[in-house]
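Below: the structure, in structure tokens.
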Ligand SMILES: NC(=O)c1ccc[n+]([C@@H]2O[C@H](COP(=O)([O-])OP(=O)(O)OC[C@H]3O[C@@H](n4cnc5c(N)ncnc54)[C@H](O)[C@@H]3O)[C@@H](O)[C@H]2O)c1
Ligand SMILES: CCCCC/C=C\C=C\[C@H](O)C/C=C\C/C=C\CCCC(=O)O
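In full-length UniProt numbering, the protein residues as written are 1 to 264.
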């Protein structure tokens, strides 16, 4: 799928991985709407992108993914400004085991709210053009990070959500592909101030920090190349793409043997 003229929405676009996603989508021809609670950061990414050509293809909108109302308003403005939505990157996320309910609210509930609000514009059942939705998960959603059980749980959940939605979309005819992207440690602010973020799990801070020596960190641009693959390769649906300093690999999941009890 070519990105030329496509309309993409990226949450958590003011910094880190979301900023890199916005850049790669923009530089491949998409119109990009940047959503974030960080207004100064978001505006400065928008201005930098719009300086790259004269078409004003980047737009920043203030939006907290915890708010269904703000998400709906942002998608409405996107559709009115650029004429629809083709791509959604549910990327905004935090790591905070102390404020774990906020972590669930942003990392999981925010992804579900964003997806459902986007379906109103993207689903072919609602008159949309179809497209692709990518959730930023984490390797921690596949191999649990013991110092961050709630963070790990939210990331497993958004992988499961993408996989289930991919099947639902095929069965119901939404015309939307759903994938998850699972990076290892990435050079962003999310890794900063770990001591405060771990809460009752600060006792596990040392082994957590040792992951840095063991795995190193990858650059946001490497994660963005993986996003591009999931967005443009139309054979990718219901996938979880892992990326680390060692390279990238699609996750495989066990098939379920026949169960004694019928589930449906
Ligand atoms: N950095 C890593 O090592 C790593 C690894 C795997 C996955 N991830 C995931 O990547 C995603 C992006 O994280 P990052 O590393 O770029 O972090 P980051 O802190 O650099 O950027 C996160 C962005 O999300 C925004 N944000 C936070 N709460 C928001 C909300 N409620 N509504 C809208 N925007 C909000 C922030 O303002 C910020 O701009 C997250 O989902 C994170 O879990 C990060
Ligand atoms: C300063 C170091 C911080 C390390 C961890 C903090 C946050 C990490 C967030 C990422 O989303 C996690 C990504 C990958 C790490 C998860 C599991 C790897 C387990 C590998 C192992 O056990 O060797």
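Quick reminder that beta carbons are idealized off the backbone N, C-alpha and C, glycines included. None of these values were measured; they are calculated from a predicted model.
How would you label residue i, buried or exposed, when you count the other beta carbons within 10 angstroms and need 16 or more for buried?
i	result
residue 174	buried
residue 163	buried
residue 242	buried
residue 264	The predicted model places residue 264 with a pLDDT of 49, which falls under 50 and marks its position as unreliable; any figure quoted below should be read in that light. Residue 264 should be labelled exposed.
residue 256	exposed
residue 92	buried
residue 135	buried
residue 21	buried
residue 23	buried
residue 17	buried
residue 155	buried
residue 247	exposed
residue 132	buried
residue 78	buried
residue 126	exposed
residue 274	For residue 274 there is no data in the structure shown, the boundaries of the chain being 1 and 264.
residue 110	buried
residue 128	buried
residue 253	exposed
residue 216	exposed
residue 249	exposed
I need the boundaries of the alpha helix (DSSP H) containing residue i, first residue and last residue.
i	result
residue 193	That residue, residue 193, is in no alpha helix (DSSP H); it is neither H nor E in DSSP.
residue 154	149 to 172
residue 18	16 to 27
residue 208	205 to 215
residue 112	110 to 122
residue 125	Run containing residue 125: none; DSSP gives neither H nor E here.
residue 101	100 to 104
Are the CB atoms of residue i and residue j nearer to each other than 8 Å?
i	j	result
residue 80	residue 198	no
residue 60	residue 88	no
residue 240	residue 182	yes
residue 8	residue 86	yes
residue 112	residue 66	no
residue 64	residue 70	yes
residue 186	residue 218	yes
residue 62	residue 37	yes
residue 117	residue 68	yes
residue 205	residue 194	yes
residue 103	residue 151	yes
residue 265	residue 28	This structure gives no information on residue 265, because the portion of the chain shown stretches from 1 to 264.
residue 19	residue 13	yes
residue 267	residue 159	As shown, the chain starts at 1 and ends at 264. That puts residue 267 outside it, with no answer to give.
residue 114	residue 11	yes
residue 15	residue 41	yes
residue 178	residue 166	yes
residue 184	residue 123	no
residue 230	residue 236	yes
residue 82	residue 31	yes
residue 190	residue 95	yes
residue 208	residue 1	no
Start and end of the beta strand (DSSP E) containing residue i?
i	result
residue 141	Per DSSP, residue 141 belongs to no beta strand (DSSP E) and is neither H nor E.
residue 183	176 to 183
residue 93	First-last for residue 93: undefined, no H or E at that position.
Using the DSSP secondary-structure output, state which residues sit across from residue i in a beta bridge.
i	result
residue 240	180
residue 31	7
residue 250	241
residue 36	62
residue 132	87, 177
residue 218	186
Run through the stretch 48 to 80 for me and flag every whole beta strand (DSSP E) of 3 or more residues, listed as ranges in chain order. 58 to 62
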